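Q:
Chains as they are written, first to last, in my numbering: chain A, 3 to 500; chain B, 123 to 317.
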């Protein structure tokens, strides 16, 4: 025990081999604790190198980055960024706070909107000396209006904000800017966003296309010491609720039916998905279709829709269902294009989750829901008792298999009505993206991108519009189905009550 | 005169055999080229492997031959290789690419673990249908042809992955899915030999 304590203390001594922070070409040595694995560096040194104000507190350290506050809490090993909390490894030695270098980099990268880099072989941290202004956009529904924050990566002169017809335009005195939209989602208040750089007067502009129900926009005062501009957009919005409050109150207050839908455009980033004979990439078709479907569903005014990705980037499958679970979605749709070694294969098919190796791959289309329920239940009883390696999280979807089948059937029926789309049926398969979803979830294979004629269709605007309308009709049918069943259950309960 | 020629040839052959570089560059003897391939003489055995039906969305069983071996690991490697070699197009379509690279195979208490090189999957264009058939053509073939197989784990570069190609779950132990095979194999099914 004593040896272990001594060893620990020896590892936590200040090291001669300090980590160095490079800001452009200027080097700033950081006091470092050697530690098995990655080193811990002094937060104070780090902040001094970057010019951020800091204040020691009983709980830890408060750092001000522009007008944003970062609170390091040593006891809870957490960093509070205001909009999120991070768990980090930190040590306090002689009243100096040390944080593991990769955790510190993650924390500051989140706040300043630039990717700091740690190079382990040379033990150096690099902050790209980027002359460009980075503007991070954040949106949030609050008190019935949309709050939009423009967070600037460095101090700037007061930007010019003005309305021009349907657009809200932010003009900044910087020839080039980068816009971080990680925490930005198109919504009823802002339908589209465009960025224009290198304008003739050395300015850049961000154009926000406002939704038709927007009434007023109001900017909060901007001070030169600040690096954030807040704009409140008011109007008549169906989704103008605090999502956190909505999450907690949803089950208690909402009427039965489908309210929130998450659409997952398959693949993304380095994962291109399948490729058509002429080079069409699945990841781009799925994103295009998902965006169109989102707009179409939101335009009905009945649904609040979120995309798992609104840009071309990779996303782990577990994160995709995680997005749906956090959004408290009532329905999860993963959109894909099919491909197989037979170049003449064509048509659409819809999958729902199979947890049992004995499930029929090609679902019998004439199966009644009642029979299906019996079969599923029988399968689960025998399967789950013996399948020790099945993770508990994988069971999340098991409660919703019956409803997933209903959705899949409605979607497949609507896609069948489309001229020129051959039905390949509703199928069950052990698909990763559907596991872990705590709501009905299906995967739609719209068409075969590997078939030259279907690839051509997938480039066609009108075909994609038909697919969007078909899926939307299917969701409407499922919504009515849920409402009908709920009303029926309520009536039965009332009859049973003396 | 004949003995002189023979003696000269013997001296020449002895002098060549002392020069390793000459041996390495020497063309193979004609007699060896005309002789049957040594491998063909090894005993062979039948296995049943699965391919995509040429028209329907099912796997079809095809009898093929591999070299007889008592080592289950060698047998598994041969089965994987067989899956990547297309049978006659009328019989079925190969789902595994011809550049399938297996890094390692091992078997513990009936559970077969196959570790693939990531290059196997980089050039495959696959949707859910192909990926599903790919995974289960392998799993079903292993269940069918390896004694005491109780499960299959697929790894890529030694790591557990969510999927091979983006859709089908391979994170846990995989089990046989007999229902995605069109028909159980019967007597009279065409035997496809691997040459």
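In this text, a Cβ means the ideal position worked out from N, Cα and C, and glycines have one as well. All of these numbers come straight from a predicted model, not from anything done at the bench.
1) Quick check on this structure: which residue in A:23, A:283, A:200, A:191 has the alpha carbon closest to the alpha carbon of residue 150 of chain A?
2) Can you list, in chain order, the residues of its chain whose CB lies under 7 Å from that of residue 92 of chain A, leaving out five sequence neighbours each side?
3) Who pairs with residue 62 of chain A in a beta bridge, going by DSSP?
4) Measure the C-alpha to C-alpha separation of residue 223 of chain A and residue 172 of chain A and round it to an integer number of angstroms.
5) Return no unless some Cβ of chain B is closer than 8 Å to the Cβ of residue 313 of chain A.
6) Would you say residue 445 of chain A faces chain B, with C-beta separation under 8 Å as the test?
7) Does DSSP classify residue 285 of chain B as helix, strand or coil?
8) With a threshold of 8 Å, are at least 3 pairs of Cβ atoms found where one atom belongs to the segment 287-294 of chain B and the other to the segment 243-260 of chain B?
9) Taking three-plus beta-carbon pairs below 8 Å as touching, is the segment 292-299 of chain B in contact with the segment 214-222 of chain B?
10) Step through the CB atoms of chain B and report whether any lies within less than 8 Å of the CB of residue 322 of chain A.
11) What's the C-alpha gap between residue 176 of chain B and residue 261 of chain B?
12) Tell me, please, which residues DSSP counts as bridged to residue 465 of chain A.
13) With a cut-off of 8 Å, does the C-beta of residue 411 of chain A fall near any C-beta of chain B?
14) Which same chain residues, not among the five before or five after residue 426 of chain A, have their C-beta less than 6 Å away from its C-beta?
15) Give the list of continuous alpha helix (DSSP H) stretches no shorter than 4 residues that lie fully inside the segment 446-496 of chain A.
16) From the DSSP output, in three-state form, read off residue 504 of chain A for me.
17) Taking the runs of the beta strand (DSSP E) that are 3 residues or longer, which of them lie wholly in the segment 234-289 of chain B?
18) Please return the same chain residues whose Cβ sits closer than 6 Å to the Cβ of residue 442 of chain A, not counting the five positions on each side in sequence.
19) So, do the segment 176-191 of chain A and the segment 229-239 of chain A have three or more beta carbon pairs nearer to each other than 8 Å?
20) Would residue 186 of chain B pass as an interface residue toward chain A - the criterion being a Cβ-Cβ separation below 8 Å?
21) Determine, using beta-carbon pairs with one atom in the segment 427-435 of chain A and one in the segment 462-478 of chain A, whether at least three such pairs fall under 8 Å.
22) At 3 residues or longer, and completely inside the segment 148-210 of chain A: list those beta strand (DSSP E) runs for me, N to C.
23) Measuring alpha carbon to alpha carbon, tell me which residue in A:197, A:479, A:175, A:307 is nearest residue 182 of chain A.
24) With 16 as the cutoff for other CB atoms within 10 Å, does residue 518 of chain A come out buried or exposed?
25) Please state whether the Cβ-Cβ distance between residue 135 of chain A and residue 179 of chain A is less than 8 Å.
26) Going along chain B in order, which residues have a C-beta closer than 9 Å to the C-beta of residue 434 of chain A?
27) Can you grab the Cα-Cα spacing for the pair residue 202 of chain A / residue 281 of chain B, in whole Å?
28) Does the contact criterion of 3 or more C-beta pairs under 8 Å hold for the segment 158-169 of chain A versus the segment 112-131 of chain A?
29) Classify residue 220 of chain B: buried if its beta carbon has 16 or more other beta carbons within 10 angstroms, exposed otherwise.
30) Can you list, in chain order, the residues of its chain with a C-beta nearer than 7 Å to that of residue 215 of chain A? Leave out the 5 residues immediately preceding and following it.
31) Closer than 7 Å, Cβ to any Cβ of chain A: which residues of the segment 241-261 of chain B, in chain order?
32) Kindly give me the distance between the Cβ atoms of residue 306 of chain A and residue 262 of chain A, rounded to whole angstroms, as I take these residues to be in contact under 8 Å.
33) Does the CB of residue 247 of chain A have a neighbour CB from chain B at under 8 Å?
34) Against chain A, with Cβ distances strictly below 8 Å, would residue 179 of chain B count as a contact?
35) Note down, in chain order, every chain B residue with its Cβ under 9 Å from the Cβ of residue 318 of chain A.
36) In chain B, what lies closer than 7 Å to residue 340 of chain A by C-beta?
A: This is what the structure gives:
1) Position 148 of the first chain, counting from 1, holds the residue named residue 150 of chain A. Of the listed residues, the one whose Cα sits closest to residue 150 of chain A is A:191.
2) Here residue 92 of chain A is taken as the residue at index 90 of the first chain, counted from 1. So the qualifying residues of the chain are 74, 76, 79, 99, 100, 101.
3) On the first chain, position 60 is the one that residue 62 of chain A refers to. Beta bridge pairing from DSSP links residue 62 of chain A with A:75.
4) Against the first chain, residue 223 of chain A aligns to sequence position 221. Against the first chain, residue 172 of chain A aligns to sequence position 170. Separation of residue 223 of chain A and residue 172 of chain A (C-alpha to C-alpha, rounded to the nearest whole angstrom) is 14 Å.
5) Here residue 313 of chain A refers to the residue found at position 311 when the first chain is read from its first residue. Residue contact check for residue 313 of chain A against chain B: no CB pair falls below 8 Å.
6) Residue numbering aside, residue 445 of chain A sits at position 443 when the first chain is read from its first letter. Interface with chain B (8 Å Cβ-Cβ cutoff): residue 445 of chain A is included.
7) Counting from one through the second chain, the residue named residue 285 of chain B turns up at place 163. The answer is coil: DSSP assigns residue 285 of chain B none of H, G, I, E or B.
8) Under the three-pair Cβ rule at 8 Å, the segment 287-294 of chain B counts as touching the segment 243-260 of chain B.
9) Between the segment 292-299 of chain B and the segment 214-222 of chain B, the count of C-beta pairs closer than 8 Å stays below three; the two stretches do not touch.
10) For the purposes of this step, residue 322 of chain A is identified with residue 320 of the first chain, where counting begins at 1. False, the Cβ-Cβ gap to chain B never drops below 8 Å.
11) The residue labelled residue 176 of chain B in the question sits at position 54 within the second chain. The residue labelled residue 261 of chain B in the question sits at position 139 within the second chain. Cα-Cα distance, rounded: 20 Å.
12) Working through the first chain from its first residue, we reach residue 465 of chain A at position 463. Per DSSP, none; premise fails for residue 465 of chain A.
13) Looking up residue 411 of chain A in the first chain gives position 409. Not an interface residue.
14) Stepping through the first chain from its first residue, residue 426 of chain A is reached at position 424. Its chain contains 349, 351 as the residues whose beta carbon lies nearer than 6 Å to that of residue 426 of chain A, once the 5 sequence neighbours on both sides are disregarded; these appear in chain order.
15) 454-460, all fully within the segment 446-496 of chain A.
16) With chain A covering only 3 through 500, there is no way to say anything about residue 504 of chain A.
17) Restricted to the segment 234-289 of chain B, the beta strand (DSSP E) segments that are unbroken, complete and at least 3 residues in length are 273-278, listed in chain order.
18) Stepping through the first chain from its first residue, residue 442 of chain A is reached at position 440. Result list for residue 442 of chain A: 333, 402, 405, 406, 409, in chain order.
19) Result yes; three or more Cβ-Cβ pairs closer than 8 Å.
20) For the purposes of this step, residue 186 of chain B is taken as the residue at position 64 of the second chain. So no, residue 186 of chain B is outside the interface.
21) Counting Cβ pairs under 8 Å, fewer than three are found: no touch.
22) Those beta strand (DSSP E) runs which fall completely within the segment 148-210 of chain A and span 3+ residues are 162-166, 169-174, 179-185, 192-198.
23) In the first chain, counting from the first residue as 1, residue 182 of chain A sits at position 180. It is A:197 whose Cα lies nearest to the Cα of residue 182 of chain A.
24) With chain A covering only 3 through 500, there is no way to say anything about residue 518 of chain A.
25) Taking the first chain and counting its residues from 1, one reaches residue 135 of chain A at position 133. Taking the first chain and counting its residues from 1, one reaches residue 179 of chain A at position 177. For residue 135 of chain A and residue 179 of chain A, yes; Cβs fall inside 8 Å.
26) Within the first chain, residue 434 of chain A is the residue found at index 432, counting from 1. Under the 9 Å cutoff, chain B gives 284, 285, 288, 289, 290, 291, 292, 293.
27) In the first chain, the residue the question calls residue 202 of chain A occupies position 200. In the second chain, the residue the question calls residue 281 of chain B occupies position 159. Their Cα atoms are separated by approximately 52 Å.
28) No: fewer than three Cβ pairs fall under 8 Å.
29) Within the second chain, numbered from 1, the residue matching residue 220 of chain B stands at position 98. Flag for residue 220 of chain B reads exposed.
30) Residue numbering aside, residue 215 of chain A sits at position 213 when the first chain is read from its first letter. Cβ neighbours of residue 215 of chain A within its own chain (closer than 7 Å, five residues either side excluded): 190, 237, 238, 239.
31) Residues 247, 248, 249, 250, 251, 252, 254.
32) In the first chain, residue 306 of chain A corresponds to position 304, counting from 1. In the first chain, residue 262 of chain A corresponds to position 260, counting from 1. About 5 Å; that satisfies the 8 Å criterion.
33) Translated into positions along the first chain, residue 247 of chain A becomes position 245. Confidence at residue 247 of chain A is low in this model, with a pLDDT of 43, below 50, so the placement of that residue is unreliable and no value is reported for it.
34) One-based indexing of the second chain puts residue 179 of chain B at position 57. By the rule that beta-carbons nearer than 8 Å mark a contact, residue 179 of chain B touches chain A.
35) Here residue 318 of chain A is taken as the residue at index 316 of the first chain, counted from 1. Result: 284.
36) Within the first chain, residue 340 of chain A is the residue found at index 338, counting from 1. Simply 249, 250, 251.
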